[in-house]
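Numbering-wise, the sequence shown is residues 56 to 354 according to full-length UniProt numbering. The C-beta atom is built at its ideal place from N, Cα and C for all residues, glycine as well. Computed from a predicted model, the values in this text were never measured in an experiment. As structure tokens, the structure follows; a few thoughts come after it.
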Amino acid sequence: VQETTAENAKDMPPKCSVALTHADRIYWPEAGITKAKLADYYLKVWPLVAPFIVHRPLALLRCPEGISGACFFQKHAWRGMSKAIRQVDDPKERGDEHYVAIDDLDGLFGLVQGGVLEIHPWGSTLDAWEKPDMVNMDLDPGPDVSWESVIEAAQEVRGRLADMGLTGFVKTTGGKGLHVVAPLKPKTEWPAVKAAMKAIADAMASDSPDRYVATVSKAKRKGKILVDYLRNGRGATAVAPYSPRAREGAPVSMPLTWEELTATIGPAHFTIANIGSRLAQLAADPWKDFRAAQAVLSY
Ligand code: ATP
Ligand code: MN
Ligand code: MN
């Protein structure tokens with residue numbers, strides 16, 4: 056049996072043997088999304104989402120009673136967790152707590168069964184915990200920031216990543232902002248990667264102090280965008296492309312082409328409910344060149 060990796064995940068057959076119990080449990084009441092509908096969503100996007108969630112440590116937002124019940128952010132394995140979910144150990148940590156990872160669609164259905172509504176992977180894979188294969192610049196608009204300004208910020212990040220030899224890809228978050236993600240060859244360790252992303256955030260804040268801030272604490276954020284580079288540390292996570300959000304309307308974090316990034320597509324434009332029309336309208340995966348664009352950070 057071939058082992059699943061982040062690289063070959065999308066080619067693995069979508070076998071599925073995890074049974075969902077209480078499949079009609081409602082996870083997003085207003086949107087009418089049940090556990091079964093969440094599983095159905097993942098069946099549709101599996102080849103697209105697999106490279107971002109398979110074979111990586113995962114942090115998970117679990118809401119066993121749906122978004123109107125209690126939700127908790129969880130980094131470790133839990134009692135009663137599906138056997139289809141793998142337990143993995145951080146090579147730098149000794150202890151009783153195990154991280155979780157998935158290998159296949161069964162694992163993903165195990166997460167659905169466990170009430171996981173959001174998937175937040177590390178930016179490195181189980182093959183190289185210390186060397187990320189992607190960076191994520193998280194753009195967080197404060198109050199009174201126009202959506203056009205957030206788009207401009209993403210374009211500026213794209214240009215600054217290009218100056219470091221990296222290709223930026225953009226996605227909505229399903230929340231308020233945007234994420235610009237760039238694939239890396241896993242050659243550089245976390246501290247150097249984080250330093251490079253901090254340099255981008257600092258440069259943006261010093262070149263345009265009226266528009267950008269690079270630190271949460273200093274931030275008088277009204278009217279400004281926080282360029283949150285802290286997603287790029289060891290153990291930090293960002294919501295996965297195609298992950299739903301535990302928010303009203305069941306929005307998803309949706310990869311876009313740069314051409315699509317216009318004012319008509321807001322941060323929560325795409326949802327579990329409209330995924331069918333999204334996939335039907337797509338001529339190709341908007342991030343189809345993601346893996347081919349992997350580069351070594353030059354900073
Ligand atoms: P938005 O566009 O609304 O900012 P977002 O997903 O970028 O959506 P942030 O608040 O900016 O939300 O958080 C960025 C990332 O930090 C999240 O995607 C998540 O992976 C991580 N994160 C969020 N909450 C927690 C938490 N309680 N503990 C650890 N990490 C978290
Ligand atoms: Mn954010
Ligand atoms: Mn943030």
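The set of residues with any CB-heavy atom separation to ligand 1 below 5 Å comprises, in chain order, F128, H175, D193, D195, T228, G230, K231, G232, T292, A293 and V294. Excluding sequence positions up to five before and after M259, its CB lies within less than 6 Å of the CB of Y267 and V282, all in the same chain and listed in chain order. When beta bridges are read from the DSSP output, V225 appears opposite V235 and L311. Shown here, A254 sits in a helix according to DSSP, grouped into three states.
Straight across, the Cα-Cα distance linking E203 with V225 is about 14 Å. For the options A183, P322, G165 and M219, the alpha carbon positioned closest to that of S201 is the one of P322. Considering only Y96, R276 and A139, the residue with the shortest C-alpha distance to L166 is A139.
Close CB contacts of I88 within its chain, under the 6 Å cut and outside five residues either way in sequence, are with Y82, A305 and I327 (chain order). It is roughly 5 Å from the alpha-carbon of E185 to the alpha-carbon of E244.
Of all alpha-carbon atoms in D265, D262 and Y284, the one lying nearest the alpha-carbon of V271 is that of Y284.
Inter-residue distance for A301 and P196 is about 19 Å (C-alpha atoms, whole angstroms). Short note on D283: C-beta closer than 6 Å to some heavy atom of ligand 3. Counting the other Cβ atoms within 10 Å of the Cβ of S179 gives 16 or more, which makes it buried.
Between K242 and V351, the beta carbon gap of about 5 Å places them in contact (Cβ cut-off 8 Å). Around the CB of T228, 16 or more other CB atoms lie within 10 Å, so the residue is classed as buried. The Cβ atoms of A114 and H175 lie closer than 7 Å to each other.
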